[in-house]
Amino acid sequence: MTADRAVLEQALERGEEEGGPIEFKERLSRDVHLVDGRMESLAAQLRHRVLSGDGEATYVVGVTDDGHVAGIAPSAFSESMDVLSLLAEEAGAHIDDVETWGVGREDENGLVGVATVCEGAILDTDDSHIVVGTAGHVDHGKSTLVGTLVTGQADDGQGGTRSYLDVQPHEVERGLSADLSYAVYGFDESGPVRMDNPHRKSDRARVVEESERLVSFVDTVGHEPWLRTTIRGLVGQKLDYGLLTVAADDGPTKTTREHLGILLATELPTMVAITKADLVSEERLQEVERAVERLLRDVEETPLRIERHGVSAAAEEIGDVVPILRTSAVSGAGLDALDDLFERLPKTNGGDGDFRMYIDRTYSVTGVGAVASGTVNAGSVEAGDELLLGPMPDGTFREVEVRSIEMHYHRVDRAEAGRIVGIALKGVTEPAIERGMVLLPADADPTPVREFEAEVVVLNHPTRIGTGYEPVVHLETISEAAIFRPEGGHLLPGDRGTATVEFKFRPYLIEEGQRFVFREGRSKGVGTVTSVDRGG
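Reminder that position 219 of the sequence shown reads as 219 in the UniProt record's numbering, one-by-one numbering, no gaps.
The structure is reproduced here in structure tokens:
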């Protein structure tokens, strides 16, 4: 991130006041500042600065004690942030935001940064965090509904609140999502904790910090050409629930059926929100409700209208039933009921065992380096942990170290299963990390494979599936062309059978029991890994 220079200039003007909330450091190092005695002293000093600044202190790194802007190497800056994070934790505080920029000659690559340290320990991770994946046809109001939920702000009728999600500028300009986007809100003892200024990353961090219970949204893509991305969002994230939207002025569409099929095929407890209820009459609302109920019964699911049976019944029975409710992001209809439902829903997707995270996104942050983003599948991870990253295209794994962890822009020292996080890694560059790779403990002994056996169900195909069929397999965050060899030579639409599945180009880490979706053209199906050929 590039800092607003006014932040630095303001800090330089105020100077390093004795006992005040601003401190200049040229750098912080483990060998010097974390040794016995020194760490406790610096943590006490940090604590005092935070209290004197009404709960907030500013650390300017890369600047000498007299205020001279020196700049330090990116590796030294990253170590400084690691040390500052540990000092903050010791003082019962946390790093809330870091802004950086380069100084000096371009080839020197020096960095200066302003770190904001706030009172309050990092979020204690537990099972009070659910992850909800949204689905539905384009223009059926998925992103707008989520944007209104996480802010509490009514939409303007033009989908304005969808811009509050973590989306790309070109998506906002066009009004269409082309990739997965993310949002978060939470609950404390007083009720919902929402974002005041969704365009400020620190506001998301505040929600994470203040909430006793969190709801993270993975917002997928409704436009038909990006169905592959939608499948990635519903299969590749460790979701607890699915939220399918159906616009009242349009009703269920082919895409609605497609997305519902994916949600149910992955055995995800699902609810349906009928959106844009403010645009139609009561008669039309009832007509769409009946159409949704018919759609659910056609796939042997039991609909449950929340307005008739209540939120408690929906929360207790979801999974055995599919709750349906009317909503409007403009009038606010149904949003209180959704809040109530999300506050009650239990976490469904546990993650016992050793740490594992399939990588969904990668990016590079100045002063931090390579960051791998995804949902923690199992176990937990802490800053400083040594991990394995891979498989690389040749099947090998690389040793890396966790530099830092962020969750919705809130820096945490530990993340457990179900958390959507970005993990900054030491020992690898961003171009070497690819979607579909996995992070594992350093003492793991992973064996990537090219081939596995699976039980598959053909949901839709114009003819039969024979040996040599080549769909794209979506498993965790993996999206890869594969060759199918069905037992008996072929499978017909609606058939359930076994098949050998071989990745066409490279090996991946696959485990028995993992579910996947396969798709090629208009055909699709689902499968479960039954055995893995470790010699493949």
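In this text, a Cβ means the ideal position worked out from N, Cα and C, and glycines have one as well.
Cβ neighbour criterion (16 or more within 10 Å) applied to residue i
| i | result |
| --- | --- |
| N377 | buried |
| T362 | buried |
| K504 | exposed |
| S190 | exposed |
| S177 | For S177, the predicted model reports a pLDDT of 38, less than 50, meaning its position is unreliable and no value from the coordinates is stated. |
| S211 | buried |
| G384 | exposed |
| R38 | exposed |
| T64 | exposed |
| P192 | buried |
Residue closest to residue i, alpha-carbon to alpha-carbon, out of the options
| i | options | result |
| --- | --- | --- |
| V311 | V449, E470, R326, V292 | R326 |
| I262 | T530, R515, V529, D533 | R515 |
| P74 | V63, L111, I95, L87 | L111 |
| H68 | L87, T429, D155, R27 | R27 |
| K524 | E511, K504, D533, L491 | L491 |
| M81 | G468, D413, E56, M437 | D413 |
| A424 | V32, E79, E56 | E79 |
| Y469 | G489, T477, D36 | G489 |
| P507 | F397, V517, V428 | F397 |
| R403 | L475, G369, E90, L388 | G369 |
| A482 | E512, L341, D445, E520 | E520 |
| P393 | P448, S211, L295 | P448 |
| A329 | H48, L145, E289 | L145 |
| G251 | A277, D155, A383 | A277 |
| E301 | D354, N197, E293 | E293 |
| T151 | V131, I130, H129, V207 | V207 |
| V299 | I465, A265, R308, T275 | A265 |
N- and C-terminal bounds of the beta strand (DSSP E) containing residue i
| i | result |
| --- | --- |
| A415 | 414-416 |
| I130 | 129-136 |
| P252 | Taken as a continuous stretch (DSSP letters only), P252 belongs to no beta strand (DSSP E), as it is neither H nor E. |
| T275 | 270-275 |
| R464 | Run containing R464: none; DSSP gives neither H nor E here. |
| F484 | 478-486 |
| K25 | 22-25 |
| A499 | 496-503 |
| E283 | No beta strand (DSSP E) holds E283; the alpha helix (DSSP H) holding it covers 282-298. |
| T362 | 356-365 |
| K347 | Premise fails: K347 is in no beta strand (DSSP E) and is neither H nor E. |
Cα-Cα separation, residue i to residue j
| i | j | result |
| --- | --- | --- |
| E434 | T255 | 29 Å |
| R419 | Q153 | 26 Å |
| K426 | L34 | 19 Å |
| I318 | T270 | 7 Å |
| S52 | G390 | 46 Å |
| Y358 | V365 | 20 Å |
| V517 | W101 | 43 Å |
| G157 | S143 | 13 Å |
| V321 | I478 | 30 Å |
| L338 | E316 | 14 Å |
| L279 | A248 | 8 Å |
| L296 | D96 | 45 Å |
| E209 | E89 | 14 Å |
| F24 | D54 | 19 Å |
| V172 | L243 | Confidence at V172 is low in this model, with a pLDDT of 34, below 50, so its placement is unreliable and the value that follows should be read with caution. Cα-Cα distance, rounded: 22 Å. |
| G374 | D443 | 21 Å |
| G395 | S281 | 59 Å |
| P323 | H48 | 51 Å |
Residues near residue i in its chain [Cβ-Cβ closer than 6 Å; skip 5 each side]
| i | result |
| --- | --- |
| R496 | V457 |
| V421 | I405, M407, A415 |
| R344 | A315 |
| G334 | L325, R326, T327 |
For residue i, the first and last residue of its enclosing alpha helix (DSSP H)
| i | result |
| --- | --- |
| T375 | Note, T375: premise wrong, no alpha helix (DSSP H); beta strand (DSSP E) at 369-378. |
| R30 | 30-33 |
| M39 | 38-52 |
| T58 | Run containing T58: none in the alpha helix (DSSP H); it sits in the beta strand (DSSP E), 56-61. |
| D394 | Segment: none, D394 is in no alpha helix (DSSP H) and carries neither H nor E. |
| G332 | No alpha helix (DSSP H) holds G332; DSSP gives it neither H nor E. |
| F77 | 74-90 |
| S216 | Run containing S216: none in the alpha helix (DSSP H); it sits in the beta strand (DSSP E), 213-219. |
Close Cβ partners of residue i (< 8 Å) along its chain, the five nearest in sequence each way excluded
| i | result |
| --- | --- |
| residue 545 | No statement about residue 545 is possible, as the shown extent of the chain runs from 1 to 536 and does not include it. |
| L42 | H33, L87 |
| E224 | Unreliable placement is indicated for E224, whose pLDDT of 46 sits below 50; the coordinate value is still reported in the next sentence. Closer than 8 Å at Cβ, skipping near neighbours: V138, T255. |
| F77 | R27, V61, G62, T100, L111, G113, G367 |
| F355 | V376, A378, G379, S380, V381, D385, L387, L439, L440, P441 |
| G159 | G141, S143, T144, G175 |
Cβ-heavy atom distance, residue i to the ligand SAH, below 6 Å
| i | result |
| --- | --- |
| G110 | In the structure on display, the ligand SAH does not appear, and there are no ligands present to speak of. |
Cutoff 7 Å; reference residue i; Cβ partners in own chain excluding five residues on either side
| i | result |
| --- | --- |
| E502 | R450, E451, A482, I483 |
| R162 | S143, T144, G147 |
| E512 | V529, T530, S531, V532 |
Residue-chain proximity (residue i, chain B), Cβ-Cβ < 7 Å
| i | result |
| --- | --- |
| H259 | Absent from the structure: chain B. Only one protein chain is present. |
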